[in-house]
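The structure appears right after this line, and notes come after that.
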Amino acid sequence: MKFIDLLPRTNNITIAISGLNKNAGKTVVLNKLIDDAVAIGKTLAITSIGYDGEKTDMLDGHQKPQIYVPSGTIVATASSLIEKTNLDLEIIAATGQYTPLGEVYIVRYHQHGYCEIVGPSSLNGLIKAKDIMCKYADIVIVDGALNRISQMSPKLCDAAFFAVGGNDNIGNLVTKVRDQFKLFNIPKVSHDIKNIVYELIKENQCALISQKNVVTKIENQDVLNKGVNKNHYVFYNGAITFSVLKALNSKYKAIIIPDTSNVFVPPKLLHSLTNKGLKLYVGNKMPLTAITLNPQNTKQSPLDILKLGCRVSAVCPTLPVVDVVTSLYFKGGALFGKLD
7 MKFIDLLPRT
17 NNITIAISGL
27 NKNAGKTVVL
37 NKLIDDAVAI
47 GKTLAITSIG
57 YDGEKTDMLD
67 GHQKPQIYVP
77 SGTIVATASS
87 LIEKTNLDLE
97 IIAATGQYTP
107 LGEVYIVRYH
117 QHGYCEIVGP
127 SSLNGLIKAK
137 DIMCKYADIV
147 IVDGALNRIS
157 QMSPKLCDAA
167 FFAVGGNDNI
177 GNLVTKVRDQ
187 FKLFNIPKVS
197 HDIKNIVYEL
207 IKENQCALIS
217 QKNVVTKIEN
227 QDVLNKGVNK
237 NHYVFYNGAI
247 TFSVLKALNS
257 KYKAIIIPDT
267 SNVFVPPKLL
277 HSLTNKGLKL
287 YVGNKMPLTA
297 ITLNPQNTKQ
307 SPLDILKLGC
317 RVSAVCPTLP
327 VVDVVTSLYF
337 KGGALFGKLD
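Residues are numbered in this note's numbering as their position in the sequence shown, beginning at 1, plus a constant of 6.
See below:
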């Protein structure tokens, strides 16, 4: 089994890559997906919510793996990066999405080589770019940015990889993964109201839901300003910050959100509130496919990959955990085997 075989089997798929921290190995995962996709004859499209493909990290000055794209690859990137490339390409479409480096265009490369990518910075912008790229590619890959998980939203992607590693010790990494895994596993809404919630997600609409499943649509701000109503669920479509979470929790029976990408509360703090009685549900879970490992450390010797893999897979036992460089595959707290 190859790394790409971990993905759902479908003709067209959008994949998101996110990372636990800096130097987690997201670009290594991206390049592995590119290699595997090319090997099975799939046409690729790539974009990023941050800045990807540069030789040197702009924050810490360390060398970074570059992004090598084969001829025929579709890329959504900013106009200034298109202008400076030496590779032959054609512009397919403008997205109407802007970054500090210019408007994001959809281009097709007619040469293989290294490229730099700056894509849309918002979830809605990524969705617009993806919708265009899907017309030209079998697989769309959206690479993430530091501390961003919005690209893992089921509104955008069908599968997601979460990269773990960087300049930290194994104990700290395992603790952070455990907390993040709990965040990804906020329970789904009950079966009796799931269809109501799905419609509200489509409509991008906030609402109160009574115990008899009567829906009252309402604006986000009005939800926060209303008096206490512990007989109603609230479906909140905005950003869940700590202050919003406290306000909603004090007023309503339970809080429902579209998915985990709406949460902007540190996982540890969220778990503390849950232990104190907070009831939080999601309409859709993030399509997390696997956790990837990067044992490399720019400040000291590499981490022990066997220890890292076993301990990470022990705190997220339902997911494959993979080191894409060595192809070691862990599951349920033990080494499971090796991918092709």
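No residue lacks a Cβ here, since even glycine has one placed at the ideal position from N, Cα and C.
Select from the options the residue whose C-alpha is nearest the C-alpha of residue i.
i: residue 61; options: 120, 76 and 44; result: 120
i: residue 59; options: 81, 344 and 123; result: 123
i: residue 76; options: 328, 341 and 52; result: 52
i: residue 292; options: 222, 167 and 99; result: 167
i: residue 98; options: 118, 290, 296 and 142; result: 142
i: residue 300; options: 328, 156 and 45; result: 328
i: residue 289; options: 268, 21 and 273; result: 268
i: residue 272; options: 285, 246, 259 and 283; result: 246
i: residue 138; options: 35, 311 and 113; result: 113
i: residue 283; options: 263, 73 and 258; result: 258
i: residue 303; options: 251, 311 and 155; result: 311
i: residue 10; options: 30, 27, 36 and 29; result: 36
i: residue 136; options: 154, 87 and 81; result: 81
i: residue 243; options: 118, 213, 29 and 30; result: 213
i: residue 149; options: 332, 321 and 20; result: 20
i: residue 130; options: 115, 18, 108 and 156; result: 156
Start and end of the alpha helix (DSSP H) containing residue i?
i: residue 209; result: 200-209
i: residue 255; result: 248-257
i: residue 54; result: Run containing residue 54: none in the alpha helix (DSSP H); it sits in the beta strand (DSSP E), 50-54.
For residue i, which residues in the same chain have their Cβ closer than 7 Å to its Cβ, ignoring the five residues on either side in sequence?
i: residue 307; result: none
i: residue 193; result: 287
i: residue 313; result: 176
i: residue 215; result: 199, 202, 221, 238, 239 and 241
i: residue 189; result: 266, 269, 273 and 276
i: residue 162; result: 20, 22, 129, 132, 133, 136 and 148
i: residue 108; result: 84, 85 and 86
i: residue 248; result: 271 and 275
i: residue 295; result: 12, 13, 165, 166 and 167
Just how far apart, CA to CA, sit residue i and residue j?
i: residue 208; j: residue 202; result: 10 Å
i: residue 170; j: residue 55; result: 18 Å
i: residue 325; j: residue 309; result: 21 Å
i: residue 187; j: residue 281; result: 16 Å
i: residue 13; j: residue 256; result: 40 Å
i: residue 185; j: residue 319; result: 13 Å
i: residue 2; j: residue 146; result: Past the boundaries of the shown model lies residue 2; the chain is included only from 7 to 346, so the question cannot be answered.
i: residue 78; j: residue 94; result: 10 Å
i: residue 85; j: residue 100; result: 10 Å
i: residue 22; j: residue 110; result: 18 Å
i: residue 44; j: residue 71; result: 19 Å
i: residue 158; j: residue 218; result: 33 Å
i: residue 263; j: residue 154; result: 18 Å
i: residue 205; j: residue 195; result: 13 Å
i: residue 342; j: residue 89; result: 46 Å
i: residue 344; j: residue 41; result: 17 Å
i: residue 346; j: residue 250; result: 47 Å
i: residue 332; j: residue 7; result: 14 Å
i: residue 73; j: residue 261; result: 41 Å
i: residue 298; j: residue 330; result: 7 Å
Count the other CB atoms, across all protein chains shown, that sit within 10 Å of the CB of residue i; report buried if there are 16 or more and exposed otherwise.
i: residue 234; result: exposed
i: residue 25; result: buried
i: residue 160; result: buried
i: residue 265; result: buried
i: residue 39; result: buried
i: residue 128; result: exposed
i: residue 15; result: exposed
i: residue 179; result: buried
i: residue 337; result: buried
i: residue 46; result: exposed
i: residue 83; result: buried
i: residue 32; result: buried
i: residue 181; result: exposed
Near residue i, which residues of its chain fall below 8 Å by C-beta distance, leaving aside the five closest residues on each side in sequence?
i: residue 305; result: 173
i: residue 134; result: 101, 102, 103 and 126
i: residue 144; result: 17, 18, 19, 43, 48, 49 and 50
i: residue 352; result: As displayed, the chain neither begins before 7 nor continues past 346, which places residue 352 out of reach and without an answer.
i: residue 236; result: 257, 258 and 259
i: residue 183; result: 26, 170, 297, 318, 321 and 322
In chain order, what residues of the same chain have a beta carbon less than 6 Å from the beta carbon of residue i, not counting five sequence neighbours either side?
i: residue 211; result: 223
i: residue 151; result: 55 and 56
i: residue 381; result: Since the first residue of the chain shown is 7 and the last is 346, residue 381 is not available in this structure.
i: residue 339; result: 316, 319 and 320
What span of residues does the beta strand (DSSP E) with residue i cover, start to end?
i: residue 225; result: Careful: residue 225 lies outside any beta strand (DSSP E) and carries neither H nor E.
i: residue 89; result: Unbroken run through residue 89 is the alpha helix (DSSP H), 85-90; no beta strand (DSSP E).
i: residue 103; result: 95-105
i: residue 341; result: 340-344
i: residue 235; result: 235-241
i: residue 19; result: 19-25
i: residue 337; result: 334-337
i: residue 288; result: 286-288
i: residue 298; result: 294-300
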